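Here is the structure we will look at.
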Ligand SMILES: CC(C)(COP(=O)(O)OP(=O)(O)OC[C@H]1O[C@@H](n2cnc3c(N)ncnc32)[C@H](O)[C@@H]1OP(=O)(O)O)[C@@H](O)C(=O)NCCC(=O)NCCS
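In UniProt numbering, the protein residues as written are 1 to 144.
Structural data, given as C-alpha cells:
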C-alpha cells in the first residue's frame, strides 16, 4: 500500500465514470441528494475535464473530489475517501489539489456542500479553514 505522499492525483477520464460511481456507493456521503448517474458524471468530465480529481493507489481509486469552477466561484463536491484509507491524509491532499486548481484559475473563494448531520465531515472542512455560513441557506429547485 502506497503512503499518502506516493498516491497519484489526477483528473478522471470518461472511461472511469463507472468505477467512480461504484466507489461513491461505498465511500461517499449519499444522503439527501439526487442519485448519481453515469450520464451526469460523463457530462461533468466532458464539460470540464479537470474537475473530477481522483486519488489512486496503484490504479485503485482511494479518493475523489469534484473541484467545480463556474467562472465565478469555486465549488467542492463528492469529497470521499475509501473507508479503509481514512485518517491518513488522503482527504487533505484532495482538498489541497482542488484549491490549487482554483488558484490557477483565478478563483478567490471556495465552498463545500456539507450535510449538517455529517459531523465526520465537519472535522476535515474545519481543519482546512472552511466555516459554516449561518446567514445564508441554499434554495433549491429541481428543473427536470
Ligand atoms: C470526510 C472524509 C473525506 C475525510 O477524509 P480523510 O482522508 O479521512 O481525511 P484526512 O485523513 O485527510 O484528515 C484531515 C484532517 O481532517 C480532520 N478529520 C478528518 N476526519 C475526521 C473525523 N472523522 N472527525 C474529526 N476530524 C476529522 C482531522 O483534523 C484530520 O487530521 P488528523 O487526522 O491529523 O486529525 C472521509 O471520512 C470520508 O470519505 N467520509 C465519507 C464521505 C463524506 O462524508 N465526505 C464529505 C462530504 S462533505
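We put the CB at the ideal spot given by N, CA and C, even for glycine.
Just so we're clear, the structure is a prediction, and the values are computed from it rather than from any experiment.
Beta-carbon spacing of residue i, residue j below 8 Å
i	j	result
residue 77	residue 95	no
residue 63	residue 51	no
residue 20	residue 61	yes
residue 91	residue 124	yes
residue 121	residue 29	yes
residue 38	residue 18	yes
residue 55	residue 87	no
residue 129	residue 69	no
Beta-carbon separation (whole angstroms), residue i vs residue j, contact threshold 8 Å
i	j	result
residue 111	residue 73	7 Å
residue 9	residue 53	6 Å
Cα-Cα separation, residue i to residue j
i	j	result
residue 82	residue 22	11 Å
residue 140	residue 33	11 Å
residue 6	residue 57	8 Å
residue 4	residue 25	22 Å
residue 44	residue 15	13 Å
residue 13	residue 135	38 Å
residue 138	residue 116	12 Å
residue 75	residue 1	31 Å
residue 84	residue 40	27 Å
residue 127	residue 11	24 Å
residue 71	residue 119	30 Å
residue 101	residue 46	17 Å
Backbone secondary structure at residue i - three-state DSSP
i	result
residue 125	helix
residue 26	helix
residue 98	helix
residue 9	strand
residue 40	helix
residue 106	coil
Start and end residues, beta strand (DSSP E) containing residue i
i	result
residue 62	60-69
residue 76	74-81
residue 2	Run containing residue 2: none; DSSP gives neither H nor E here.
residue 56	52-57
residue 112	110-112
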